[in-house]
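Following: one structure in structure tokens, then a few remarks.
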Amino acid sequence: MAVADPDNILEHDDHHHDPFIAHHFESAEQQFDSGKLGIWIFLVTEVLFFSGLFVAYTLYRIHHPEIFQQAHHFLDKNLGAMNTIVLLFSSLTMALGVHAAQNGDNKKCGIYTLITMVCAAMFLGVKAVEYSHKWDLGIFVRSTFDYAEHHPEGISPYLIKLSVIPALLLVGFIGASVFSKMTEKDLLAKFFGGMAVTVGGYFLGALVGLGFMALTAGGDAHASHEVAASPLVLQAMSIDEDEKHDEHSHEEGDHDHAGDDHAHDDHSHDGDHGHAAHGAAKEPMHRDVGTFFSIYYCMTGLHAIHIIAGIIALAWVFWRCLALHWRPDYFGPVDYVGLYWHLVDLIWIYLFPLLYLID
Amino acid sequence: MASAEIRNKIFDTPSVNYLNHQKGWKSWAFTLDHKRIGIMYLIGVTAALLLAGVFALVLRSHLFSYQGAMLSDEMYNQMFTLHGAIMVFSFIIPSVPAALGNIVLPMMLGAKDVAFPRMNLASFYLWIIGTGCLFAAILSGRGLDTGWTFYTPYSIDTSSAVIFATFGAFVLGFSSIFTGLNFLVTINTMRAPGQTWFKLPLFLWSLYATSIIQVLATPVLGITLLLLIAERTMHIGIFDPTYGGDPVLFQHFFWFYSHPAVYIMILPAMGIISELISVYSQKRIFGYSFIAFSSVAIALLGFLVWGHHMFTSGQSPVVTLIFSAITFTVAIPSAVKVFNWLATLYKGSILLNTPMCYALSFIFLFGIGGLTGLFLGTLSVDIHLHDTYFVVAHFHFVMVGGTLTAFLGGLFHWWPKIFGRMYNDLMGRVGCFLVFAGFNLTFFPQFVMGSRGMPRRYASYDPEFQIFHQWSTVGAFVLGIGIVVSFVVLAYAAFRGPRCGSNPFRAASLEWQTSSPPDFHNFIHKPIMTDPYDFDSQVYDETLDTYIPRELADPAKVPPRKTPAHH
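Residue numbers (the working numbering), protein chains in the order written: chain A, 5 to 363; chain B, 3 to 569.
Written out as structure tokens, the structure is:
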């Protein structure tokens, strides 16, 4: 048992303290363990934050399975798959970045962090292409859902609007980098340069996304061939439209048939049930497709917000890489941001099959 | 053994302490010290309590006459909504953990601070922003009239300021998560050497259980409120039946948080009572591990009973039955606590000072609040009692009779530690008596009229209920006066009370092993690890006029131990 002698009087002398160990921690280990437990608890709250949306998804899927099966054809699997690969790759670079920080290799850690950020921004670029394409077609949330079968030409005005902020950021970061260089603040110049490259990732993603869409649509010149592959939805869509429109969509189904086996399945499926569905289409079913997209926008939108938050956190890690802060006994923040980034990645790994793939 | 000089250095009231080591408003606004943040929280939640209390008095005054005495029906709706929303989100949930817990928790662990001091300060500013949003709802002139539960579809259609208010509740949720996360990590990683889980004071067990709920339940409220905001602005059709949504889903989501939140409110209060009962009986707490685990059991069971708020909302009968059955099981850990407190009192050396008076009121009022909960958990009875004043009385017995009473008791218990000054015990007890009497007069008649069918949330009512309402209104004013008296006694003590020693009540947990008020770093001497309920480990020191650990006392004057040191 401790006995009171002058040695046990605590001195609280903050002067010799390691700047990276907060005064209230006894040791670097205690600080690291606290941070690690803290970030894991935070991740639990994040999972629960998303859980409400997953429950909503499950419930509405149980209530309206047919709508969910059909509505997901509106989503572009190719772009979704591409984004999945981008995020998985970013998780790899993040893990390598953490490893580098553990070894105290700030330069390597900085490079990996930068690649991770670029991937995150690319993800957002592709997402912007997907969103804007849907908005072009009138695919909004439930109350404003107003699908119209047409094939927008050129670059979507929505995409341009979405890109305004990234464009401003790009110009700003390049300017800040050049200015820092001129005033001989090399560290800042590097940081802003890295951020400019990151924002560039957004435009790269958007370009790749647009290119991908153009390529996959090349066969039959219809970007929305997936839509045509789902006649039930089409009928649901077109109840307010005239017969002519309906026929037009059937034609499209035939076009599509030539290029895609999968579409062929759907089409023959339509052969069995088409007329029954047509008869039942007096109900305003198109609104239920809107519910799918309400959930889609809520889930992917919330996920996108987390990606943006991740980029901000990564930028902080990147800055501290440039400042050479990481050492083998102090790399906690890289580890914590890395864990968060893996979680954001993991959520997408669930969203992609649930929204894009399940038939 | 320690010399008198060292004893004085450790335990005597220091001229420089956490309250005065830095001066100016900036030293408070940007402080990372858990004690200062706790005091700012204390001022904040007290202001919220008094404001929402004024709303309650306005409501009660209105109900003095069966036709409604003073408010329009719309104003009445706004009043009870704001009373509920501010009391729940801005007062009760942060009251014990964020205000008292913040001050006491690190000291009970022998630590210098919580694990994440900046997050702690952020939590306080989020509280300010969230409460500010609730105020903005009032100040915008549109008010809020949905009830604190924000039930859809009304909350989607009403023209009142639902978005302000729900955003405020959303932000307050984050404030609560930050506190919970901080406490979990602090208790896990920053305990003093030798302080095992079963040497923690029971207050910390209850705060730990509370934090688990805060961390697991609050995010669900967060997403629910975001979806409600999205529903109001964009009509996404998840909750809104006009667009194919399911309003009962909102109720499920809401109660998935808000029922556990009831335990966020009551568990820390139970922790305070465990401390008070033991210290003021000067007797080892009876059934330590049962009380500790019952806190965790309540926290976990709390997640499985949310459906009992929806017995009449159209759930399937099977689900309703299951929820009813699990609801009854919550009574078991709650009763375990009450019986252990009573067993602790038995043959204890009871000191009936202000904190103990509050603790005894708690046991009585919480007993009634808990037992009437069983009536409401019973399916057939609930069909009759649902949405009557019986429910109102039940949850006020738990939240006011339970949490507010324990909060005040805890304030009186730790006040000498926080400010180094003693309060006027007689006036404290007068305040406690007024709170107790006023409370019972307010809410006991509500059980009677509720069981006779008086529905809640009505601005006017049948004349046969008038006499009950009038009693209730009189009681509310007595309760209000009691609360004001208590806070005046405390405020006077903080500035003008006589100086007191480091451990005036002979408590054995670590926070009493430092001067009152404590040093900025909490301890200038490593605290001596003792069992928090072994009161014989503390002995009286004449020169300091307070109790200090046996190991540090003058060996010539140490009386022999009455009880064995180990159990």
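Think of the CB as a built atom: it goes at the ideal place given N, C-alpha and C, for glycine as much as any other residue.
{"Query": "Check the C-beta distance from residue 359/B over to residue 431/B and give it rounded, since I have them as a contact under 8 Å.", "Result": "5 Å"}
{"Query": "Within its chain, find whatever has a CB closer than 7 Å to the CB of residue 572/B; leave out the 5 residues flanking it on each side and keep chain order.", "Result": "The question about residue 572/B has no answer here: the residues shown for chain B are numbered 3 through 569."}
{"Query": "Identify, in the order they occur along the chain, each residue of the same chain with its Cβ nearer than 7 Å to the Cβ of residue 315/B, setting aside the five sequence neighbours on each side.", "Result": "250, 253"}
{"Query": "Find the nearest neighbour of residue 185/B within the set 208/B, 407/B, 14/B, 446/B, judged by alpha-carbon distance.", "Result": "208/B"}
{"Query": "Going by other Cβ atoms of all chains shown within 10 Å of its Cβ, with 16 needed for buried, is residue 334/B buried or exposed?", "Result": "exposed"}
{"Query": "So which residues of chain A does residue 311/B contact, with C-beta pairs closer than 7 Å?", "Result": "Here the premise fails: no neighbours, minimum Cβ distance about 17 Å."}
{"Query": "When DSSP labels each residue in this structure, what does residue 550/B get in the three-state scheme?", "Result": "strand"}
{"Query": "Would you give the residue range spanned by the alpha helix (DSSP H) that residue 187/B belongs to?", "Result": "164 to 191"}
{"Query": "Please decide whether residue 236/B counts as near chain A, where near means a Cβ-Cβ distance under 7 Å.", "Result": "yes"}
{"Query": "Using beta-carbon positions only, say whether residue 408/B and residue 189/B come within less than 7 Å of one another.", "Result": "no"}
{"Query": "Does any C-beta atom of chain B lie closer than 7 Å to the C-beta of residue 78/A?", "Result": "no"}
{"Query": "Please identify the residue among 404/B, 162/B, 70/B whose C-alpha is closest to the C-alpha of residue 267/B.", "Result": "404/B"}
{"Query": "Verify the CB distance criterion: does residue 143/A have a CB-CB separation below 7 Å to chain B?", "Result": "no"}
{"Query": "Which chain A residues sit within Cβ distance under 7 Å of residue 190/B?", "Result": "41"}
{"Query": "If residue 347/A and residue 225/B are in contact, beta carbons under 8 Å, what's the gap, nearest whole angstrom?", "Result": "Contact doesn't hold; Cβ gap of about 16 Å is too wide."}
{"Query": "Name the chain B residues whose beta carbon is nearer than 9 Å to that of residue 147/A?", "Result": "236, 237, 238, 239, 242, 244, 245"}
{"Query": "Please confirm if the segment 297 to 305 of chain A is in contact with the segment 223 to 238 of chain B, defined as three or more CB-CB distances below 8 Å between the two stretches.", "Result": "yes"}
{"Query": "What did DSSP end up calling residue 540/B once you bin it into helix, strand or coil?", "Result": "strand"}
{"Query": "Excluding sequence positions up to five away, which residues of its chain have a Cβ less than 6 Å from the Cβ of residue 288/A?", "Result": "With a pLDDT of only 42 at residue 288/A, under 50, the local geometry of the prediction cannot be trusted, and the value read off the model is given with reservation. No residues qualify anywhere along the chain."}
{"Query": "Please state the DSSP three-state secondary structure of residue 68/A.", "Result": "coil"}
{"Query": "Quick one: which unbroken alpha helix (DSSP H) runs of 4-plus residues sit fully inside the segment 346 to 402 of chain B? Chain order, please.", "Result": "356 to 379, 381 to 387, 391 to 400"}
{"Query": "Quick one: which chain A residues come within Cβ less than 9 Å of residue 221/B?", "Result": "48, 49, 50, 51, 52, 53, 54, 55, 56"}
{"Query": "In angstroms, rounded to a whole number, what distance separates the CA positions of residue 40/A and residue 336/A?", "Result": "8 Å"}
{"Query": "Smallest Cα separation from residue 411/B: which of 277/B, 450/B, 104/B, 171/B?", "Result": "277/B"}
{"Query": "Taking its Cβ as the centre, do 16 or more other Cβ atoms sit within 10 Å of residue 279/B, making it buried, or is it exposed?", "Result": "buried"}
{"Query": "I'd like to know if the segment 290 to 309 of chain B and the segment 332 to 350 of chain B are in contact, where contact means that at least 3 CB-CB pairs between them fall below 8 Å.", "Result": "yes"}
{"Query": "Is the shortest distance between the beta-carbon of residue 545/B and the beta-carbons of chain A less than 7 Å?", "Result": "no"}
{"Query": "So, helix, strand or coil for residue 527/B, using DSSP?", "Result": "strand"}
{"Query": "Mapping the DSSP letters down to three states, classify residue 300/A as helix, strand or coil.", "Result": "helix"}
{"Query": "Could you tell me whether the segment 104 to 121 of chain A touches the segment 323 to 342 of chain A, using the rule of 3 or more Cβ pairs below 8 Å?", "Result": "yes"}
{"Query": "Kindly indicate which three-state DSSP category residue 506/B falls into: helix, strand or coil?", "Result": "coil"}
{"Query": "From the beta carbon of residue 588/B, is the nearest beta carbon of chain A less than 7 Å away?", "Result": "Given a span of 3 to 569 for chain B in the structure shown, any question on residue 588/B remains unanswerable."}
{"Query": "Classify residue 464/B as buried or exposed, calling it buried when 16 or more other Cβ atoms lie within 10 Å of its own Cβ.", "Result": "exposed"}
{"Query": "Is any beta-carbon of chain A found at less than 7 Å from that of residue 555/B?", "Result": "no"}
{"Query": "Residue 560/B: beta carbon under 6 Å from a heavy atom of the ligand SAM?", "Result": "Summarising the ligand content, the structure contains no ligands, and the ligand SAM is consequently not present."}
{"Query": "From residue 357/A to residue 75/A, what does the alpha carbon distance come to, in whole angstroms?", "Result": "14 Å"}
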